[in-house]
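Residue numbers (my numbering): 33 to 448.
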């Protein structure tokens, strides 16, 4: 009787295991659809699901009907007994993730949902490895490829350790950025990164010897504190050659601020700087261009406008001078243009050559304003203004042009 009962139990277990084994591919695919979110990837398909003694292997996963987003292979490793008992997964190794552009159905709000720390921390695995992942973008500056690999590890206290690196090695874009981070049990997170020797070559924007660092902290999908500093040995922006660029940005619950510093390459007496501060009490922002040597000013004009006749300019010897563009938050109303105060003065600001106001309309990018001052200075500035909608009326310069059109014209000239 005992032998017969034992044999019956054994056959029952084998039949159940066999049925589970053959039914597993369908169950895995269904659970994967649920885990990935059926609304996010309704066209997701898995070509092959192969159970093994140590888990299951998925091959050729596509996330859209056009095959723009694919995973070549995913090895899911677990102990079958523990998985059936508690659904614990030891590790997942994902290889060759490829994504081409961003589809219209996957907007930034949808992507943001995937980066909730509570969702990442709830992944019931000890280790998740992605190596490599590839993002291919089609841009007006050519096709750009960004690659990355990442390792997510569960620590003893339930935190998730993140070790990632992203890189690109192309003419348009070159960098290698390592990122380390931690997602804590309370779903707060910390991310840190440093990088060296980056470069950009994107139409009117070119930089070399780009380096910097960044640090970010937050809770779930909300960024609470962020700070970064970027430095570039040299750059070219819309034909303006720069050197020793430095940009620092920070954000916290108390407010945000930014600082920019640079020199004009080969013309060390021309210095540019900018400051931005925002908090509950006020918002301030100012851009300064300091011009200390008339010869450097002449060189700058020749660099930007090679065909310009410098002999027609009467006030070049007025240097040292200071150009100031100051944001005026008290004069802005809701939905209205962004107002700036423009002044061109001696360096000690004891004498004004030109002053006036400039308005930038953020929706249309129209720029309007009026400048007035000393006759020779107004006349010289008008000659230097390259846009045909800038004109003089009653010794006042009237500004009226579209910034977007102006930038596109310069970008096309640069690419041509």
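For every residue, glycine included, the Cβ atom is placed at its ideal position computed from N, Cα and C.
N-terminal and C-terminal residue of the alpha helix (DSSP H) that residue i is part of
| i | result |
| --- | --- |
| residue 342 | Taken as a continuous stretch (DSSP letters only), residue 342 belongs to no alpha helix (DSSP H), as it is neither H nor E. |
| residue 427 | Residue 427 -> no alpha helix (DSSP H), and no H or E assigned at all. |
| residue 297 | Premise fails: residue 297 is in no alpha helix (DSSP H) and is neither H nor E. |
| residue 114 | 112 to 118 |
| residue 336 | 326 to 336 |
Of the listed residues the options, nearest to residue i (C-alpha basis)
| i | options | result |
| --- | --- | --- |
| residue 370 | 106, 260, 162 and 360 | 360 |
| residue 161 | 276, 127 and 334 | 127 |
| residue 387 | 440, 103, 357 and 416 | 357 |
| residue 304 | 353, 172, 100 and 210 | 353 |
| residue 400 | 242, 392 and 292 | 392 |
| residue 311 | 376, 185 and 289 | 289 |
| residue 416 | 250, 335 and 434 | 335 |
| residue 302 | 383, 308, 402 and 276 | 276 |
| residue 183 | 214, 177, 171 and 168 | 214 |
DSSP state of residue i mapped onto helix, strand, coil
| i | result |
| --- | --- |
| residue 351 | coil |
| residue 379 | coil |
| residue 44 | Because the pLDDT at residue 44 is just 32, under 50, the model does not fix this residue reliably, and the value given afterwards should be weighed accordingly. Of the three classes helix, strand and coil, the one that applies to residue 44 here is helix, per DSSP. |
| residue 188 | coil |
| residue 312 | coil |
| residue 136 | In this prediction, residue 136 has a pLDDT of 42, which is less than 50 and means its spatial position is unreliable; what the coordinates show is noted afterwards. In the structure shown, residue 136 sits in coil (DSSP, three-state: anything other than H, G, I, E or B). |
| residue 396 | coil |
| residue 438 | helix |
| residue 95 | coil |
| residue 83 | strand |
| residue 361 | helix |
| residue 285 | coil |
| residue 250 | strand |
Beta strand (DSSP E) segment containing residue i, residue limits
| i | result |
| --- | --- |
| residue 411 | Careful: residue 411 lies outside any beta strand (DSSP E), inside the alpha helix (DSSP H) at 407 to 416. |
| residue 218 | From DSSP, residue 218 is part of no beta strand (DSSP E); its letter is neither H nor E. |
| residue 104 | 101 to 109 |
| residue 164 | 157 to 171 |
Exposure of residue i, with buried meaning 16 or more beta-carbon neighbours within 10 Å
| i | result |
| --- | --- |
| residue 432 | exposed |
| residue 427 | exposed |
| residue 187 | exposed |
| residue 409 | buried |
| residue 192 | buried |
| residue 264 | buried |
| residue 366 | exposed |
| residue 239 | buried |
| residue 227 | buried |
Supposed contact pair residue j and residue i - C-beta distance, whole angstroms, cut 8 Å
| i | j | result |
| --- | --- | --- |
| residue 190 | residue 217 | 5 Å |
| residue 81 | residue 88 | 6 Å |
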